[in-house]
Each structure stands twice: as C-alpha cells, then as structure tokens.
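Okay, so here's the structure we're looking at.
Number of protein chains: 4
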Amino acid sequence: MRIGLLTGGGDCPGLDAAIRGVVRVAEDEGDEIIGFRHGWRGVVDGEASSLTTADTKGILQQGGTMLGTARYHPDEHTGGVDMVLATIDRVGVDVLIVIGGDGTLGSAHQLALSGIPVIGIPKTIDNDVSGTTRCIGFDTAVATATEAVDRLHTTGESHDRLMVVEVMGRTTGWLGLCAGIAGGADAICLPEEPTDLDKLAHALQRRHDRGSTSSVVVVAEGARFEDLTGSNCHRSAGEVVSDGLAARTGYETRLTVLGHVQRGGMPTATDRLLATSFGVAAVQAAHTRSFDTLMASIDDRIELVPLAEVAVGPRPVPKYLLDVARYLTVR
Amino acid sequence: MRIGLLTGGGDCPGLDAAIRGVVRVAEDEGDEIIGFRHGWRGVVDGEASSLTTADTKGILQQGGTMLGTARYHPDEHTGGVDMVLATIDRVGVDVLIVIGGDGTLGSAHQLALSGIPVIGIPKTIDNDVSGTTRCIGFDTAVATATEAVDRLHTTGESHDRLMVVEVMGRTTGWLGLCAGIAGGADAICLPEEPTDLDKLAHALQRRHDRGSTSSVVVVAEGARFEDLTGSNCHRSAGEVVSDGLAARTGYETRLTVLGHVQRGGMPTATDRLLATSFGVAAVQAAHTRSFDTLMASIDDRIELVPLAEVAVGPRPVPKYLLDVARYLTVR
Amino acid sequence: MRIGLLTGGGDCPGLDAAIRGVVRVAEDEGDEIIGFRHGWRGVVDGEASSLTTADTKGILQQGGTMLGTARYHPDEHTGGVDMVLATIDRVGVDVLIVIGGDGTLGSAHQLALSGIPVIGIPKTIDNDVSGTTRCIGFDTAVATATEAVDRLHTTGESHDRLMVVEVMGRTTGWLGLCAGIAGGADAICLPEEPTDLDKLAHALQRRHDRGSTSSVVVVAEGARFEDLTGSNCHRSAGEVVSDGLAARTGYETRLTVLGHVQRGGMPTATDRLLATSFGVAAVQAAHTRSFDTLMASIDDRIELVPLAEVAVGPRPVPKYLLDVARYLTVR
Amino acid sequence: MRIGLLTGGGDCPGLDAAIRGVVRVAEDEGDEIIGFRHGWRGVVDGEASSLTTADTKGILQQGGTMLGTARYHPDEHTGGVDMVLATIDRVGVDVLIVIGGDGTLGSAHQLALSGIPVIGIPKTIDNDVSGTTRCIGFDTAVATATEAVDRLHTTGESHDRLMVVEVMGRTTGWLGLCAGIAGGADAICLPEEPTDLDKLAHALQRRHDRGSTSSVVVVAEGARFEDLTGSNCHRSAGEVVSDGLAARTGYETRLTVLGHVQRGGMPTATDRLLATSFGVAAVQAAHTRSFDTLMASIDDRIELVPLAEVAVGPRPVPKYLLDVARYLTVR
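So the sequence lines, in the order shown, correspond to chains P, W, Z and E.
The first sequence lines up with residues 1 to 331 when you count with the numbering used here.
The second sequence lines up with residues 1001 to 1331 when you count with the numbering used here.
The third sequence lines up with residues 2001 to 2331 when you count with the numbering used here.
The fourth sequence lines up with residues 3001 to 3331 when you count with the numbering used here.
Pasting the structure below:
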C-alpha cells in the first residue's frame, strides 16, 4: 500500500512517536509512506515526500512533529476538498493516516464523506477528543503542569501568599483538573464550573487562618467566573484570579503562566507507548481497509471507533474526577 | 466510621498519595483513621496509631509509604486470622482499607471470608493484579525503566556494542514490555515467551550488518530461555543475556541492573492521580459498606470489583502490546 | 558549642540541604543547634527550637526551608539589633550561622560589627552575592529555566512564531544568561545591556527569512530597553518583549512567565553538594571561631572570605559569558 | 581558517553541545569546519566531512556525539602520527580541536610535539583530567547517579536492608563521592581509600540498631578493599560489597549496577553551558593560534592551560570533599 501521513492542529509531545510507529510497521509490511508537511495544508499544496525508517531514527524521545503541523481545514476553504482529492490522486495514496485533534479529525471525517480513505489518530493536550479515553500529548502535558504545581508548593516564606498557575484548557478542564489533583493544588478553577472568587477567597483565608502560609491555585485558561464585570475582558484567567484574590484577601499573589511550555518537551513513557500503539493499529486498520475510523484507547486496548464520533464535541471530564478535586481542595 | 489503613507487599511510588487521599477524604467525612504499621504484621501485632490530614502534609510527591510495609500474610500463619480479628475488635475498626499487590489483597479476601470488612486498593510495579487495568506504582516504574533505556541509546562509540538492561518482572512482563516499547529497545526478553538466544544473536547481528553500532536489549528478571543448560542457574536473566549474546556475537556487552531503583522515586502525575482517586473511592466504598471489593481503574472510571477477582492470578500482558513489540524490535 | 541557625530572604532549593549539613556535622561534633524560624524575624521574636539529626531526615532532596524564611533586616528597624542581642544572650548562642542572599548577609555583617559572632552561607537563584562564584539555588533555577526553554523549542507549527519566556533576575542577568545559553535561546534580554527592540525584531526576521519558523527569546524580569515610552510602566519585561516584537514583526508571540516555579522544586545534585559543603565548612568555621566570614565556593574549594565582601554589591555576570551569548544568539 | 574537529574516548553527555558551540562560532567567524568521524581513527582513516550550523540543529539537548567516538591513540600505533599528518595535509586543516579525556588529549599533546596544531577540550564523567576543575559530562553523570541514590532511599519495608549501587570510576572517585554526598548515601566506597568491610558492616549495624531499616551504599567500580582473598577477582566492586555486607550483617542486600546509563541522557544545563563555553573558547584560541592548549574551567572563567598538564595524571578528588563525606556517612 501507499500510505499518506500527516499531523495537524497544535503541537504536542508524542507526535513523532506515532509517526515512527506508522513508518516502521508500514515499512515492515512492505508499504510505502508519503509524509505531507504542515497538516492538511501540505496535502492541498502537494508538499509530499517519502518517509523511511531511517528518517525516524531518534525521534521517539522528541517533542513536536518532524512533519510540521498547521491549523488548516480543507473542508472550510472553497475548492479545498478538490485539491486534497487531486493530490491524493496524483501522488497515488491509498489511505491517509491523519494525526490530529478534533479540528483536524473533523476535517478527516468530512473528507471521508467525500470518498477519501482516512484513518484518524487522536492527539491533544486537552484530552477531549470524543471516542477515546486518552489522546497523545495529554499525559506529558499533565506531567509538565504537575511539576510546576509541585515547585510552587515549596515555600518557606513567612507571609500569606497565593501561588497562581495558569494552564491550558479553553473548553474543557482535563489538564487543570488532573494536574491540580496530582500536584495537590489547594484550589482549581475550570471551564466546567464558574468560580465564585468571593467564596474562593474566603475558603483560602480559612485555610490560612488554620496555619497555612501559602496556597497553590491552578487556573485553566478557559476558567469561567461568577459576577465579573466587563473590565476583565482583556485579562487572562490567571490574571483575573491572581488580581481578584489579592484584592479580596490582601495576600500577596504570584502568577505563573505556563503557556507553550505545556506543548513541548520529551513525551512521557506513557505517551510514547500510546502513540506507538496508535501508529501500529492505524497501519493494521489500513490493511483491513477500516476507513473513516478513529484509533481509540479504551480500557487497555486499542479499538477502532467511527470517525464521526469526533463530531460529538469535546469529551467532558468525568464526574468522579470533579468529586475527587472537590474533596481535596478548599471549600 | 473508624477506618483502618495499611500498605502491604513490596514498596512502590504512589502509596503515600493513596494514604493521603484516604485520610483527607475520611477526615472530611468525619471518619477517624487508624494507620497500621508494616502491613498485616502491624494488624497482627496491634501496631496502630491515629492518622490525620496534618500527618499527610507533603507526602503526595513522595515515594514509599509512611506506614511501612511488609510481606506477611496472616492467613498463612496459625492463629494469624484470630489475631487480626482480635486487633480489629480491640481497636474498634469498622473497615480495613488494604493497599497491596496480589499477595496482600489475597490475604484481604481470605479475611473477608472470615467476616472482616475489607476494601482493597491495587498497587504493584508489575501491574498484574487481576480486575484492574492499572495498579499504583506501575506508571512510575515504566517511566524509570524507560529513562534508563533512553540513556543507553546515546552512544557514539564506533564498535559493535550491546547494551543490556535488566528490569523487574518475575512472572509477567508488563514493565519490560512497556518500557521496551516506550524506550525504543531493539529487543525485549520476557517471561511470556522463551527467548532463543541464538536467534536473537543473529537478528542483532543483521541489524549491525545494516549499519547500527549499538543495540539496546531489555530483559525482564523472569525472562525464560530456550535450551539453556544448568550452568546458568545462579545467574540473573540480565547476565544470561549479556554473556550469552557476547559469546554468540563477539560484540562487547554492557549490563545495567536497575534493581530497586524501579521501586523508588517520586510518583508520576499519572500515578498520583490514580492513587488519589483510589483513595477517594475506597472511603466512598466504606460508607456504602461495599466490602470485599477491589477499587479498579477501568476505562477512565474507578469501579468496584469483587476482591475474589484478585485470586484469578497474574493478569497477562495484552496480546496487542506483544504485537507492537514484535513489529518494533529485531526479528 | 551552641550554634544558632537561620535562613533569610527569598526561598530557593538547597536551603534544607545546607541545614541538614550544619545539623549533622554539628551534632557529630557534640554541638547543640538552635533553629530560628523565619529568618531574622525569628531571632528578634525569639522563635527558637532545638534541631537534631532526626529532624533533618529526608530533607536533602526537598526544596524550600524547614526553618521558614522572611525578608526582614533587624538593622533597619529601631531596636532590632538590641533584640537580636537579647535573644542571643537569653538562648545562649555562641555563633549564628546565617543562610541568605545579600540582604540577609548584609544584616549579618552589620550585626557582626555590633559584636555578634556570625558566619554566612550564600544562597540566591540570582547568583550575585559578591565573594563566591556560586550560591545555593542557582544551579537548580538554571536547570528549571533551561527545561522551559527546551520545551519551547519543539514546535512543528508552520507559521512564524516567537516564544518568549520571562525568567527571574531584577538586577543581574545570571539566570537568564545561563539558561539562555544552555537552552539554546535565539535571543536573550538582560538587565546588563539595554535591548533595542527594533534591532532585535529585525534580527529575528532575518532568522525567519532564512527558514526558521519559530524562535525562543529569554527575557530577564529586570531587562532594560532602549527608547521605551512611559506606557510600558505597568507591564512586565516579558510583556514588553512579547507585545513589542509582535507589533514590529507581525509574528504571533506566546508568553511564558515562569515566576516562582524557579524558586521551587528538588535541588539539583550540584546544589545539594554545594549546600552540604557550605554547611560542613560553616560548622568548621564556628569551631575555629572564624566569625564575620562568608563561606565561598571558589574553584572547587570552599574558602572563607570576609563577610564585608557581600557589601560590594551584586556580582556582575562574567564578560566571557556575555560573549558566548552574543555568538550564539541572533544579531 | 579550516578547523578540524573530533571527539575521542568514551561517550558522555555534552559532546554535541561542544560540537555545536565550535561549529556555530567558527561559521560566524567565517571559518570552515571539518568533522572527523570516530575520534583519532577518523583522522588516521581520513573519514572527514564538512560541518555547518544546519548540521548542529537540535543537538544541544542530545547525549552522545554526532561525530562518533573511539578509544584509539595514533601515537601508540606505528605510522599513526604520520597518517594523521598526511590527513591534515591532504584535507588542509589549520588546527585540530580535540574533545576527549586524558587518553585522547594525551595523544593530542604527543601530536602537538610533532608539530600538529591542536587545541584540547576536556570531557569525562570521571572529572579527573588535570588542569581543569570541570570536564564535560561530569555534572550530568553526577545527576544521574544521584537520582538513583534518591530512589533507593524510599523504602517502607520493615526489615533490615542494604541498597548497594555501583557507579563508574575506576581510578578516581569523583562520581561516587559527589553522587554519594548529593544523594545522602549512608556509606561510600572509593578507589581513594581501601574499604574495610568488617568495619563498614559494624557501622551499618549500629545505624540499624538505632532504628534505621534501610541504608544506601554507593560503590565506585574501582573501589579497593582491605584483606580480600583472591576469590573476589571475578566479581565487580558492587558484588563484593553487596555479598560481603550480606554475609557480615545477615541483612538482605539489593544491588543496582548503573553501568552505561551514566554515560547517556540529555546533558544538564550546567554541562551544556560548560560545553558551549569550551567550544567558543576553543575557536577563539584557534584564532589567536594558542596551540597545544587545554580549555580549562577555573573559578567561573575559561582559561587556557598547557596541554602537557593533562599528562600529570588523574586529578585527585579534593580533600575537603572526602571530609564532607566522612562527616555525613556512617563510621
């Protein structure tokens, strides 16, 4: 077979591990791999070149993607789908393996509806692609954010202090929730439930009244707030919390904005294992012509679910994890 | 309620995170926690003391267990079960939360059959407790072993060299398999399938004939071998592979024995999240009087399965992971 | 001897390692250790308690300080020095070992001039205490900031992007300079030399014109700028660079503010070795009654230099390191 | 200028950072760089190719050496020096920058005596090259070994146990000494002072009698022992200690052999800074025609010392560090 391969959407650790898995297994099976540069854009523009096992040497441990990526959806541009079809025809690709988040995979499903054979692999540090319990990049992002929370705990300074750390997560709070619990945060502000800053300020004051000199607050960038006036519209969620708590408690606050640090770095062993397994499963799916499917990690297995599943929208955080957080943070 | 808590079996990272979860949630619910020292031995000997949230400050990130542990099974000693009953009666414990591997949890189930209310939390770096897909400690051990494999890859030396690393895993190869794939090992020797050293030596030679100057071989301590004479009976699996491959290939071999390094260190974020969630679920199970159960991580949920499940024996590695390894190592 | 011990100024990793070193060696020598809480404030307030080897178990690997710290200088408060003298007299302390940055150590020297026997150990993630080449906490902070720079490099996204990371360093650029070089930053903005944003924007554009899609810029919080109008007075140096470069280049910029993450976490091996060696040397200095001295790391030795040296003011970054940075960043 | 570059001797982290530094600065200065493969062997065999900044992209963070290395000394082979001269003449190299340990650098000095312009950069995880306080690779190896010691500390198991870890260091104990202190080892066995196993066993027993259940012993592979019979000739130092202490104390012992794990992995920030600075200094030395010199890290500066200095022999560990270890381990 001739297998096309691309990575789309935002960067994350583990993309190269998936590419390596696909290429090595496909080569082993006698297939040829064509890598497209910069996601769907490379398919539209015909930026393609052969990928061999030799090209994947040493990339298992790397962050990022050797193929480049872009946030571009051919189905949203006039003529985009036709250009994809034209490239696939010209290059002679039998199937496209598409590694991406809900945007990139959504486009993949639209193209499948136009008759293009596609297979999807889910990746996003937000972990909210529907149909799979884990996406490539999430485990590493949680590890990175947790390490930041860990570091903020160690303070011996004698005054009351609130350490605020803003993590990614615009729509869902997977990252903030998991890093907050794993790091032992004292409070977690998420998109899922609006934060009442007055109530949070009081809860933190009670904690300090009982003897704590420092608290750590994890804030997802998409955190929502009760009763905020328009003056906050240009400020990040981290700034809203940092300034809002300072004003309400009189404590010093210190803000860390992790930013793209969360998208980079060496993937964890768990992410590499997941990405490699997804890559192997995708090549196997290509051989059984199981198109328009998503490789999904479900209960220690890799399953094939319909790619249409992705369109269900962002997968919500589990209720039990919200409960765990509620028990272990201030109230 | 008055909740007894103990950790049994071998050490691993994440035990303290589970203890912290149990104690904080129970205290929040108005329960009292009694910690027993050194696993079942502390129950038999009545080594018990109160545990409060203050005692669990700063332990989330720690390896090991603040309660101590031991490999001791009351049901295998005459009068052991009676002494457990006596302690529970005397101390006035309503339920025992038992954190352990199959041995410790097996004893817990035996005691449940004698009428003692127990709830189990699975931990083992071998990840082979039946009934749950993940055990506390496994993710960290995989991370540790993978990091060792990573380090062994970087060699610029010009001669043929085999880097052998022996990892834990006497009965099942979960750790070696996952760290081998995640670390990109060139060969993996497991308890699951006997290794043919002649065949492996040839496969590695072919790899070097194609230009590699160095290969990494992961060996589980319980790896089995084809056609080995008795002279190997006193040598570790790592030594058998290291010496056996040196003799067959003429290459230099270098052996790393990770040993207890795999049982130590700060737990990963994933292990802390799992351990904390298990701890919360166990207290909830105590309140619903769901005794003789095992907290199980299944498909992004915590479920309660019958503790008898543990007796099914070591949970085997998934076939698909063996396939992934087969594709990505030498043949 | 009866040795008083305190940690003052901002938090940093390695303080506990120094405390452990002092306590274990002193105990071994038959001395008694009195720990003062929260720096000089604890001496003024008489917050003192005995410290033994048992108290220091497990702290070598910890960040922060078990004694607490504060930014308080007795010599700057009316009656402060007298209260220090009173406490020392009452508690019966023969010598005070003071772990701190230039503020804390400056006070120590002032007290020495009042006849109080003090010995200083330098710590600061800014590494700018005069008289020593290394201070406790610096190596760890450089490691932390470098890891952030590492993570920002891995981007496969196809558009022009500037990753800006703000690190600590108000007066001197040790941290930004070393982390920038070690992390391979494309540009470094320091307090030492005013940054010309126009020139920097052009240099980065040239780099991108030659094919780069992403650049990393390290900005010390005390970075200075050419020709900036007053409108920037309320913005952090990171924001000035991030917004300033976005406006000048049209590239997307992404800002990471590391904040107190740089003061936390497990100390590196190098910091633990330094801190332990300083602790041992300080007890030895106490026994030889070498008061009013600073433990200094000079060329693989620990030397005793006059504590007055600290007053020379912040130790500048070496010219050769600025040269190294100039060679390896854009111009 | 036309600058030849090679890396010789054993692998270590930071070699690529030095290569990157040399190449980027030289290119910036208008020089041409010729990289020789596999150390001196590549010079003898004429295995040379151009190196440009593009070749060094992404290598700063890598372990190992992109040029390959070998343990080969041209001055010890008949005609070796002539072949070096021939290659240098043929390729037209104005100066050779040689990155290596005492063996490789010793050969460099011999070649300098034959009129070949050489400049040396010291690297070895043993840190024992004379003339410099730090060698590339040492800081990372200490970090790796310290992390192993850290992990061995966390044990909650209730019986007496000795955790033994064998680290590299055949002639000098730099690595074992620094990792032992930084990791808080309970005992350290070095090549510098013969270990009396009877005495050590008694000291550890006293420690356990006072309540410890576990001790960590760091053993350099070149550790020497008092009164050992010939039966130990085929056993590693780690095995001698592990078995010897088990026999004398009756405690369980567990052996970790770190092996080549210590030569691999991502270099620490400190190693990258040192390696980069050495690389810059070497190109500057080339331009000032300061041949037959060694780049030396001395007291926060890079100095040029005569390459002959290397021949003084292995640089001993500082006495004060032995004292620090003596204070902080069992006696």
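Virtual Cβ for every residue (Gly too), placed ideally from N, Cα, C.
- DSSP links residue 2122 (chain Z) through a beta bridge to Z:2100.
- By the neighbour-count definition (other C-beta atoms within 10 Å, threshold 16), residue 3049 (chain E) is an exposed residue.
- Of all alpha-carbon atoms in E:3289, E:3316, E:3326, the one lying nearest the alpha-carbon of residue 3095 (chain E) is that of E:3289.
- No residue range can be given for residue 1259 (chain W), since it is assigned to no alpha helix (DSSP H) and is classified by DSSP as neither H nor E.
- If you check the CB distance, residue 155 (chain P) and residue 214 (chain P) come in under 9 angstroms.
- Neighbours of residue 1024 (chain W) in chain P, taken as residues whose beta carbon is under 8 angstroms from its own, are 327, 328 in chain order.
- The criterion of a C-beta distance shorter than 9 angstroms is satisfied by residue 3051 (chain E) and residue 3034 (chain E).
- No Cβ of chain E is located within less than 9 angstroms of the beta carbon of residue 1001 (chain W).
- In terms of beta-carbon proximity, residue 3077 (chain E) stays away from the interface with chain Z, with every pair separated by 9 angstroms or more.
- Taking every protein chain shown into account, the CB of residue 2024 (chain Z) has 16 or more other CB atoms within 10 angstroms, so this residue is buried.
- With the criterion set as a beta carbon lying under 7 angstroms from some beta carbon of chain Z, the members of the segment 3269-3292 of chain E are 3269, 3270, 3272, 3273, 3276, 3277, 3280, in sequence order.
- Every unbroken stretch of the beta strand (DSSP E) spanning 3 or more residues and falling wholly within the segment 1039-1080 of chain W is given here in chain order: 1048-1051.
- Neighbours of residue 150 (chain P) in chain Z, taken as residues at a C-beta separation under 8 angstroms, are given in chain order as 2264, 2265.
- The continuous stretches of beta strand (DSSP E) do not include residue 181 (chain P), which lies in the alpha helix (DSSP H) extending over residues 174-183.
- The secondary-structure analysis by DSSP pairs residue 3303 (chain E) across a beta bridge with E:3296.
- Annotated three-state conformation of residue 27 (chain P) is helix, per DSSP.
- At a cut-off of 9 angstroms between beta-carbon atoms, residue 321 (chain P) makes contact with chain W.
- Note on geometry: alpha-carbon atoms of residue 1056 (chain W) and residue 1019 (chain W) lie some 8 angstroms from one another.
- Residue environment for residue 22 (chain P): buried (at least 16 other C-beta atoms within 10 angstroms of its C-beta).
- Taken in chain order, the members of the segment 3053-3075 of chain E whose beta-carbon sits within less than 7 angstroms of a beta-carbon on chain Z are 3060, 3061.
- Segment contact: the segment 134-142 of chain P against the segment 261-273 of chain P, three or more CB-CB distances shorter than 8 angstroms; contact assigned.
- If you look at residue 283 (chain P), you'll find it in the alpha helix (DSSP H) that goes 269-287.
- Using beta-carbon distances, residue 2147 (chain Z) counts as an interface residue toward chain E, with a partner under 9 angstroms.
- Only residues of its own chain outside the window of five on either side were considered, and among them 3128, 3171, 3172 have a CB closer than 6 angstroms to the CB of residue 3314 (chain E), listed in chain order.
- Residue 267 (chain P) and residue 17 (chain P) do touch by the CB rule: their CB atoms are close to 6 angstroms apart, below 8 angstroms.
- Below the 7 angstroms Cβ cutoff, chain Z contributes 2300, 2301 as neighbours of residue 3318 (chain E), in chain order.
- Contact of residue 1153 (chain W) with chain P is assigned, a C-beta pair being separated by under 9 angstroms.
- As DSSP reads the structure, residue 1163 (chain W) sits in a beta bridge with W:1216, W:1254.
- Interface with chain P (9 angstroms Cβ-Cβ cutoff): residue 2260 (chain Z) is included.
- Distances from the alpha-carbon of residue 1278 (chain W) to those of W:1221, W:1164, W:1165, W:1123 put W:1123 closest.
- For residue 2181 (chain Z), the chain E residues whose Cβ falls inside 7 angstroms of its Cβ are 3273, 3276, in order along the chain.
- Residue 143 (chain P) reaches chain W at 1268, 1269, counting residues in chain order whose Cβ is nearer than 7 angstroms.
- Taking C-beta separations shorter than 7 angstroms and ignoring five residues to either side along the sequence, the partners of residue 329 (chain P) in its chain run 185, 186, 187, 188, following chain order.
- Taking 7 angstroms as the cut-off between beta carbons, the residues of the segment 155-180 of chain P near chain W are 178, 179, in sequence order.
- Against chain E, a Cβ distance below 7 angstroms from residue 2324 (chain Z) picks out 3276, 3277, 3280.
- If you look at residue 2115 (chain Z), you'll find it isn't in any beta strand (DSSP E); DSSP assigns it neither H nor E.
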